[in-house]
Amino acid sequence: MLTIAISKGRLIEESLNLLHNLGVEFKEDLISSRRLIHYSTDKSLRVLIIRAKDVPTFVENGGADLGIVGKDILVEEPADVYEMLDLGFGYCRIVVAESEDREGKCYQKGYLRIATKYPNITEKFFSQKAVQFEIIKLYGSVELAPHAGIADLIVDLVSTGNTLRANKLKEVETILESTARLIVNRISFKSNNKEVVQFITRLKEGLDRKNS
Ligand code: PRP
47 MLTIAISKGR LIEESLNLLH NLGVEFKEDL ISSRRLIHYS TDKSLRVLII RAKDVPTFVE
107 NGGADLGIVG KDILVEEPAD VYEMLDLGFG YCRIVVAESE DREGKCYQKG YLRIATKYPN
167 ITEKFFSQKA VQFEIIKLYG SVELAPHAGI ADLIVDLVST GNTLRANKLK EVETILESTA
227 RLIVNRISFK SNNKEVVQFI TRLKEGLDRK NS
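For the sequence shown, the residue numbers in the working numbering are 47 to 258.
Printed below as a string of structure tokens:
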């Protein structure tokens with residue numbers, strides 16, 4: 047039996063659709079369930095429901111053979127895993143945004159305070175610019191930071207753009223584009239090679255069917 051770690055939140059629905067298209071079924075609805083471990087009815091797959099940022103940690107440490115996680119998370123905190131497949135869904139971007147009323151003048155300031163849940167991506171991106179900056183690390187509601195006066199800019203994930211618009215922020219530039227990736231534990235790839243490769247092949251075929 048293979049174990050796959052799936053991100054809670056924005057990727058869960060499409061991740062489960064993907065498994066469903068491979069014929070993997072579960073007794074209960076994984077999205078509404080409070081249970082964090084689920085077994086497919088044919089007992090071929092165990093699914094762990096995990097916070098997105100923890101998926102690479104579970105896979106790297108062998109808690110799961112495979113994982114589905116956003117590229118944004120893999121770039122922010124690189125993990126020692128194989129990144130095997132771009133699954134194509136969960137498209138989003140990591141962007142720099144500022145308050146609508148700043149009219150693109152943010153980079154003219156000599157010193158920038160940047161609020162974000164992505165300190166590593168932000169550090170790397172702004173280090174390449176001729177600006178001085180400070181990173182304000184937040185865990186959520188990043189869009190509030192400019193209005194509360196604790197930051198000049200934010201770096202955050204944008205999917206529909208609704209959160210930026212609702213909070214009167216606008217994009218300044220895109221740092222990276224992200225989609226869901228399939229990652230694999232390095233040891234598992236060797237020791238369970240046949241099962242892992244078979245599963246990846248089925249996933250690829252499922253994706254090809256979906257895209258054709
Ligand atoms: C992300 C991000 C934005 C929002 C953007 O947070 O930090 O707040 O989604 O999505 P939109 O462009 O579709 O409006 P998320 O919902 O992942 O919550 P989190 O704070 O728990 O990471």
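The beta carbon of each residue, even a glycine, is placed where N, CA and C say it ideally should be.
Check: Reduced DSSP secondary structure (H/G/I, E/B, other) of S145; Outcome: strand
Check: Among A143, F172, M47, E129, nearest to L203 - alpha-carbon criterion; Outcome: A143
Check: Pair within 8 Å by beta-carbon distance, V121 and N231; Outcome: no
Check: Limits of the beta strand (DSSP E) - the one that H84 falls within; Outcome: 83 to 85
Check: Residues bridged to Q178 (per DSSP); Outcome: Y157
Check: For D100, the three-state DSSP class (helix, strand or coil); Outcome: helix
Check: Supposed close pair A125, A51 - CB separation, criterion 8 Å; Outcome: Not a contact, Cβ separation roughly 11 Å.
Check: N208 Cβ short of 7 Å to the ligand PRP heavy atom set; Outcome: yes
Check: DSSP state of E251 mapped onto helix, strand, coil; Outcome: helix
Check: Nearest to E223 (by Cα), restricted to the options A176, F104, I167; Outcome: I167
Check: Rounded straight-line distance, which links the Cα of T162 to that of F104; Outcome: 24 Å
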